[in-house]
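These protein sequence lines map, in sequence, to chains A and B. Following the working numbering, the numbering of the first sequence begins with 38 at its first residue and continues without gaps. Following the working numbering, the numbering of the second sequence begins with 784 at its first residue and continues without gaps. Heads up, the thing below is written out as structure tokens.
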Amino acid sequence: MKRNILRTAHLFFVLFPAIGVYLAYWQVFASEDLMNHPRNRRVLLNEKRVLRGTIFDRNAEPLARSEFELSGQGGTRRQVRKLMAPAAMSHVTGYLSDRYGRTGIESKLNSHLSGMTRLRSWDDLRDFLMADQRRGHDVFLTIDAHVQEAAYSALEGRRGAVVALVPSTGEILALTSSPGYDVARVDTAWETIQEDPEEPLFNRATSGLYPPGSTFKVVTAGDALEEGIAEPKTSFRCNGHVNIEGYDVRCPDGKAHGRVDLTQALVVSCNVVHAQLAVQIGKSRYTSYARRWGLGEDLFGDLPSKASSIVRSDSNLTTTVLAQTGFGQGEVSVTPLQMAVIAATIANGGLRMQPYIIDRVCSYGGERLQQTTPKGEQQVISPDTAGLLAGMMEAVVSLGSTRGTFSSLSFSVAGKTGTAQNPHGKAHAWFIGFAPVESPQVAVACVIENAGAGSKEAAPVVRDVMAAALAHL
Amino acid sequence: MKTNAFQERRLLLISFVWVWGAFAIAYWNRYYPGSWEPAVRAAVTHFAIFFSLSFLLGYTCRQRDHLLLPLLATLTGIGLTMIYDVKPAFLSRQCQWLVVGAAGLWLVTGVRDVSSLSRFKYTWMFLGATLLLATSLLGKRLGASGEITLALQLGPVSFQPSEFARLFLIIFLAGFLGEKSRLMGFREPTWWRIGRQDLRYLGPLLIMWGISLLFLVQQRDLGAALLFFGIFIGMLYMAETRIVYLTIGIALFMGGAYACYRAFGHVQTRIDIWLNPWQDVENKGYQIVQSLFALGGGGLLGTGLGCGYSARIPAVHTDLIFSAIAEELGLAGSIAVLALFLILVVRGFHAALAARNELTSLMAAGLAFSLGLQVCIIIGGATKMIPLTGITLPFISYGGSSLTANFILMGLILAISSEGSGEDPEKVERR
């Protein structure tokens, strides 16, 4: 009997180690696969344990900040995201939802904010060893909350967008798309937000493609100056219309501007002159200049954005389309960001800077983990040409239809209006500009969909944004 | 022997320190700004029970194996911390059951001669069968939404009879086989021939076996059914009965398992889930997949007590508590718990080998075997080594019946270990 009892006891020396082998397999060898299984919520739950990092603006104002709150009778801790300006910042910070994912900076820098990055700071290491509360990394944006809010409120809920840049660096001061949505209500009011015909989830500033209208004349004029085809004083004649390869280019209401020089042509926004200039520059040169201005490439790496273009991808540039492109119609379609980049390039002596919104990422203890340095992309036009063009744009503001709009400002402004015809109803109102002309510190582009004249609708918005950006002057 | 009792208390102290620390860590990580009272109350109860047991056992079984109580205290302490961690609402209830279990353990060790239990072997058999029958008849009616339950409701307490039926079965088998095995050896004409004598002998065995399995399968308590089968075969083998009995037993086991698989949809489902739980992660395979996720989440060193996510696994505080341990303490912790169980089982067998007569020897072996088998079935299920069935992890899982029955089981092993050592003059001489 004892012999068999002993043998049975030995059975367990086989069975238990066999279980141990199984345990080792699941706990060590298969561990990573199990953790990455789509139905395993552990990675997500781990993220929630780390106090999510803060998104700051350029003045270290917190735009989105997480806090622990006690909830329920069990006193379980839950993270709550506190937002400074949920609607105005909605397309910058983006939303954060278990159900609907995340967008904006919350998405782009999620690994840093959630602290789930492999790049661990010394602070992370210390917290791990001391079993302290772990925190995600903080993100500092180039956004100025005051400028952003000024832009958002100036848009008054109309469909449109404002982009403000620092010309010398490419820093984005404001990236506003209107209407915004309440980021905090994404989980509770998803249907309403998503089905809103105004499309508040759509980021018009980086992804909205519009015909630029007359604002694009600065591109045509700049190319012509750079190529030596014209000078500011070169004289042209406008009969109110001109026939180009069978297509009749007309100035608004067929009004003849008579004898004008290039500056005056920009001030009165003469279609005939700019159409002729574009044709004179020619298809290949115009196309290559467009590329230098940034059209055809995705300008922006920090948030999802669309590339602008002068022709539809499925067609070739014909002379008649080129003529229309000369004054911003035809097939050209641009994002507000692209137009802000064009204004900033002129302000920056013709050097196009890469726009960026993420300035730096720091651990909560202040250790710098990532820093963006301004990057010059391309010398589009020479500094001299840029200076001439800036002078012409200054004349537009001081002599043209918007002179009253900007008269209240204590600094000089250069700009160009646009009233872009489009198949969707009333014209889109545009304004691009920069200030102060002597040493530009901000370049702004604004579009308001189907609002009508750029000088009446978009220019006041740009004025408010410039006033907010240059409040210290 | 005084030194042995001293050693026991020293080991107990290590166990207490572990349990206190575990409670503190779990509290800090999971409940921190909340009340710490439940944790302290449980830790104090645990301490009081095992410290006083150490003294009280001095009266009933002085010569006991002094490793057993510290092992028991550690496993029970791990159980209390894990219940506090994953289902704090059940903690005070479990503490109450711990008192009941400890009282049961002490009373059992008070039995003067354990082999005398075998005198009433048919009473045990009858009791065990009645318990299972009662569950089948009454448990069914009491089940919510017409489901078959494994529990009987006795006033305010819900009670799981198969836990106790298992004990009765082992005592019965030990008495029955231990008594007859001596006669087996010299009446063996041909190993496979079965005469009238054999039928008389096999009769009660087969009846008992048939009844218990029928009820358990009907109650869908597959884990318990597997355990009962295992105990039958294991004890037949250890009693060194005729090989033909063992052959019949194994054949019946195979046949029965196959018949169950063909006849019952839920058995087939269990097997299918076991073979591929990833096909239906959200429904049928949910429990086992969640268990594997917990194992994977633990890694080598675990998430730390109070930092796991196992609280959402269905039946985590009863069937799958081991997965929660593995998550929070990692492979290191899960292997350690496995090792504690192995030592406990081995000490049980040690008591069996040292026992003075065949009856108690077989009983201790049966008890240790059942303990080890139960651990293998549930941990094997949680690791997808075998199909997952719903039985408890002894001493660790939440559940009054399980805790009490297993404490009584330990009481019997303690008593047998005490009888087996020292007092036998023959043994003393041999040393």
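For every residue, glycine included, the Cβ atom is placed at its ideal position computed from N, Cα and C. What you are looking at is a predicted structure, and each value in this text was computed from that prediction instead of being measured.
Is it the case that the segment 1137 to 1148 of chain B contacts the segment 889 to 903 of chain B, given that we only count it when at least three CB pairs across the two stretches are under 8 Å?
yes
Determine, for leucine 796 of chain B, whether the minimum Cβ-Cβ distance to residues of chain A falls below 8 Å.
The count along the second sequence starts at 1 and reaches residue 796 of chain B at position 13. It does not: the Cβ of leucine 796 of chain B has no partner Cβ on chain A nearer than 8 Å.
For a quick check, are the C-beta atoms of alanine 380 of chain A and alanine 480 of chain A less than 8 Å apart?
Taking the first residue of the first sequence as position 1, residue 380 of chain A is located at position 343. Taking the first residue of the first sequence as position 1, residue 480 of chain A is located at position 443. Going by C-beta atoms, alanine 380 of chain A is nearer than 8 Å to alanine 480 of chain A.
What is the rounded straight-line gap between the Cα of phenylalanine 1190 of chain B and the Cα of valine 882 of chain B?
Taking the first residue of the second sequence as 1, we reach residue 1190 of chain B at position 407. Taking the first residue of the second sequence as 1, we reach residue 882 of chain B at position 99. One C-alpha to the other measures close to 10 Å.
Sort out for me which residues DSSP pairs asparagine 240 of chain A with in a bridge.
Here the question's residue 240 of chain A lines up with position 203 in the first sequence. Bridge partners of asparagine 240 of chain A: none, in fact.
Out of B:Gln1157, B:Tyr1092, B:Ser1185, which one is the CA nearest neighbour of glycine 1080 of chain B?
For the purposes of this step, residue 1080 of chain B is identified with residue 297 of the second sequence, where counting begins at 1. Closest by alpha carbon: B:Tyr1092.
With 16 other CB atoms within 10 Å as the buried threshold, where does isoleucine 1026 of chain B fall?
As a first step, residue 1026 of chain B is located in the second sequence; it is residue number 243 there, counting from the start. With fewer than 16 other Cβ atoms inside 10 Å of its own Cβ, isoleucine 1026 of chain B counts as exposed.
Chain B beta carbons: is any one of them nearer than 8 Å to that of leucine 88 of chain A?
Working through the first sequence from its first residue, we reach residue 88 of chain A at position 51. Closer than 8 Å: no.
Leaving out five residues on either side along the sequence, give the residues of the same chain with a beta carbon under 6 Å from the beta carbon of serine 306 of chain A.
Stepping through the first sequence from its first residue, residue 306 of chain A is reached at position 269. Closer than 6 Å at the Cβ level, and outside the excluded window around serine 306 of chain A, lie Ser251.
Distance, Cα to Cα, tyrosine 247 of chain A vs isoleucine 347 of chain A?
Your numbering for residue 247 of chain A matches position 210 in the first sequence. Your numbering for residue 347 of chain A matches position 310 in the first sequence. For tyrosine 247 of chain A and isoleucine 347 of chain A, the distance between alpha carbons rounds to 11 Å.
Counting pairs of Cβ atoms below 8 Å between the segment 280 to 287 of chain A and the segment 356 to 367 of chain A, do you hit three or more?
As far as the Cβ criterion goes, the segment 280 to 287 of chain A touches the segment 356 to 367 of chain A, which means the pair count is three or higher.
Skipping 5 residues on each side, what residues in its chain have a beta carbon closer than 7 Å to that of valine 223 of chain A?
Taking the first sequence and counting its residues from 1, the one referred to as residue 223 of chain A is at position 186. Excluding positions up to five away in sequence, the list reads Tyr132, Ser134, Tyr137, Ile230.
May I have the straight-line CA-CA distance separating glycine 1159 of chain B from serine 1106 of chain B, to the nearest angstrom?
Position 376 of the second sequence, counted from the start, is the residue given in the question as residue 1159 of chain B. Position 323 of the second sequence, counted from the start, is the residue given in the question as residue 1106 of chain B. The question names glycine, yet the displayed sequence has cysteine at residue 1159 of chain B. So the two alpha carbons sit approximately 14 Å from each other.
Tell me the DSSP secondary structure of alanine 927 of chain B in three-state form.
Position 144 of the second sequence, counting from 1, holds the residue named residue 927 of chain B. Here alanine 927 of chain B scores only 42 on pLDDT, less than 50, and its place in the model is too uncertain to base an answer on.
Ignoring anything shorter than 3 residues, give me the beta strand (DSSP E) runs that lie fully in the segment 404 to 455 of chain A, in order along the chain.
405 to 408, 413 to 416
Tell me the rounded alpha-carbon separation between alanine 482 of chain A and valine 87 of chain A.
In the first sequence, counting from the first residue as 1, residue 482 of chain A sits at position 445. In the first sequence, counting from the first residue as 1, residue 87 of chain A sits at position 50. So the alpha carbons of these two residues sit roughly 39 Å apart.
Would you call the CB atoms of valine 309 of chain A and histidine 278 of chain A closer than 8 Å?
Along the first sequence, one-based indexing puts residue 309 of chain A at 272. Along the first sequence, one-based indexing puts residue 278 of chain A at 241. Yes; because the gap between Cβ atoms is below 8 Å, this pair is in contact.
How many Å lie between glutamine 846 of chain B and serine 1201 of chain B at the Cα?
To locate residue 846 of chain B, count along the second sequence from 1; it is residue 63. To locate residue 1201 of chain B, count along the second sequence from 1; it is residue 418. Each residue's Cα considered, the two are about 4 Å apart.
Is there a C-beta anywhere in chain A that falls below 8 Å from the one on threonine 1166 of chain B?
If you number the second sequence from 1, residue 1166 of chain B lands on position 383. Closer than 8 Å: yes.
Check whether the segment 314 to 331 of chain A touches the segment 254 to 264 of chain A, taking contact to mean three or more Cβ pairs, one atom from each stretch, closer than 8 Å.
yes
Taking tyrosine 59 of chain A as the query, report the chain B residues whose CB atoms sit under 8 Å from its CB, ordered along the chain.
Counting from one through the first sequence, the residue named residue 59 of chain A turns up at place 22. The contacting residues are Gly1163, Thr1166, Lys1167, Met1168.
Cβ of glycine 1013 of chain B less than 8 Å from any chain A Cβ?
Translated into positions along the second sequence, residue 1013 of chain B becomes position 230. Not closer than 8 Å to any Cβ of chain A, the Cβ of glycine 1013 of chain B fails to qualify, so no.
According to the Cβ coordinates, are valine 521 of chain A and leucine 212 of chain A closer than 8 Å?
The requested residue 521 of chain A does not occur in the structure, where chain A is confined to residues 38 to 510.
Exposed or buried, what is glutamate 475 of chain A when buried is set at 16 or more other beta-carbons lying within 10 Å of its beta-carbon?
Position 438 of the first sequence, counted from the start, is the residue given in the question as residue 475 of chain A. Looking at its Cβ environment, which holds fewer than 16 other Cβ atoms inside 10 Å, glutamate 475 of chain A is exposed.
Quick one: give me the first and last residue of the beta strand (DSSP E) that valine 176 of chain A is part of.
In the first sequence, the residue the question calls residue 176 of chain A occupies position 139. Residues 175 to 178.
Could you list which residues in chain A have their beta carbon closer than 8 Å to that of methionine 1146 of chain B, in chain order?
If you number the second sequence from 1, residue 1146 of chain B lands on position 363. Those do not exist, as methionine 1146 of chain B stays about 11 Å from chain A at its closest Cβ, beyond 8 Å.
Mind listing which residues of the segment 1080 to 1093 of chain B have their C-beta closer than 7 Å to chain A's C-betas, in chain order?
Gly1080, Gly1081, Gly1082, Leu1083, Tyr1092
Just to confirm the assignment, what range does the alpha helix (DSSP H) spanning tyrosine 284 of chain A have?
Position 247 of the first sequence holds residue 284 of chain A. For tyrosine 284 of chain A, there is no enclosing alpha helix (DSSP H); the residue is found in the beta strand (DSSP E) stretching over 284 to 287.
Determine, for serine 1117 of chain B, whether the minimum Cβ-Cβ distance to residues of chain A falls below 8 Å.
Along the second sequence, one-based indexing puts residue 1117 of chain B at 334. The beta carbon of serine 1117 of chain B sits closer than 8 Å to some beta carbon of chain A.
Below 8 Å on the Cβ atoms is my contact criterion, and I expect serine 244 of chain A with threonine 382 of chain A to pass it. Report the Cβ-Cβ distance as a whole number of Å.
For the purposes of this step, residue 244 of chain A is taken as the residue at position 207 of the first sequence. For the purposes of this step, residue 382 of chain A is taken as the residue at position 345 of the first sequence. Serine 244 of chain A to threonine 382 of chain A, Cβ: 21 Å. No contact.
Tell whether a beta-carbon distance below 8 Å holds between threonine 271 of chain A and leucine 238 of chain A.
As a position in the first sequence, residue 271 of chain A is number 234, starting the count at 1. As a position in the first sequence, residue 238 of chain A is number 201, starting the count at 1. Taking a C-beta distance under 8 Å as the contact criterion, threonine 271 of chain A and leucine 238 of chain A do not qualify as a contact pair.
So, using beta-carbon positions, are cysteine 275 of chain A and glycine 291 of chain A closer together than 8 Å?
The count along the first sequence starts at 1 and reaches residue 275 of chain A at position 238. The count along the first sequence starts at 1 and reaches residue 291 of chain A at position 254. In this structure, glycine 291 of chain A does not lie closer than 8 Å to cysteine 275 of chain A by Cβ.
Would you kindly check if the distance between the Cβ of glycine 1082 of chain B and the Cβ of valine 58 of chain A is under 8 Å?
Here residue 58 of chain A refers to the residue found at position 21 of the first sequence. Here residue 1082 of chain B refers to the residue found at position 299 of the second sequence. No, these two residues do not count as a Cβ contact at 8 Å.
Per DSSP, glycine 295 of chain A is paired with what?
As a first step, residue 295 of chain A is located in the first sequence; it is residue number 258 there, counting from the start. Per DSSP, A:Cys275.
Going by DSSP in three states, cysteine 844 of chain B sits in which element: helix, strand or coil?
Numbered from its first residue, the second sequence carries residue 844 of chain B at position 61. Note: cysteine 844 of chain B maps to coil in three-state DSSP.
What residues in its chain sit with their C-beta under 8 Å from that of proline 269 of chain A, if we drop five residues either side in the sequence?
Within the first sequence, numbered from 1, the residue matching residue 269 of chain A stands at position 232. Excluding positions up to five away in sequence, the list reads Leu262, Asp298, Leu299, Thr300, Leu425, Gly428, Met429.
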